[in-house]
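Below is one structure; the comments refer to it alone.
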Amino acid sequence: MEMEKIGEWAFIIGVIIAVIAGALYTYLGAFGQWVPLILVILGIIVGLLNIKDKETTPFLVASIALLATGAISTFREIDTAIDGLGLVLSGIFGNIALFVAPAAVIVAIVAIYKLSVKA
């Protein structure tokens with residue numbers, strides 16, 4: 201399998217795991233403890249294999265938006281309207297942030313390295 205395909209599958213699987221684990225966190229049991237590690241590993245793979253030079257800036261901007269959204273705890277305020285929905289949304293976006301953060305770190309480090317080598 202090509203490295204590019206591995207990166208694509210890592211992204212798809214990471215998003216699916218983030219959404220499902222965020223939505224069903226109370227039902228995961230012992231597997232729930234492994235979700236953060238799995239998301240971080242998949243995020244590292246995505247950061248190493250998927251993002252090309254011309255995609256660096258858009259990826260990092262999108263990462264900042266996702267990480268900021270994942271850090272917002274106001275999703276729980278939605279629970280006042282629909283019980284449990286805010287907690288589920290908070291879990292989903294928190295997992296997506298956990299998945300995106302390692303990829304953003306890898307891409308940022310590579311970008312900084314390439315800028316420093318040119319100097």
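Numbering (my numbering), first residue to last: 201 to 319. Each residue gets a CB set at the ideal place from its N, CA and C atoms; glycine is no exception. None of the values given here were measured: they were computed from a predicted structure.
For L267, the three-state secondary structure derived from DSSP is helix. For G222, same chain residues with a beta-carbon under 6 Å away, outside a window of 5 residues either side, are G291, I292 and N295 in chain order.
Assignment of K205 by DSSP, reduced to helix, strand and coil, places it in the helix class.
Unbroken alpha helix (DSSP H) runs of no fewer than 4 residues, entirely contained in the segment 284-316, are not found. Cβ contact annotation for L298 (same chain, cutoff 8 Å, sequence separation greater than five): A218, P236, L239, V240, G243 and G270, in chain order. In terms of Cα proximity to L287, the closest of I216, A210, I206 and L224 is L224.
Between the alpha carbons of D283 and L228 lies a gap of roughly 20 Å. For I282, the secondary structure class from DSSP, reduced to helix, strand or coil, is coil. No Cβ-Cβ contact shorter than 8 Å links S263 with A311.
The beta carbon of I245 lies closer than 6 Å to those of A210 in the same chain, with the five residues before and after it left out.
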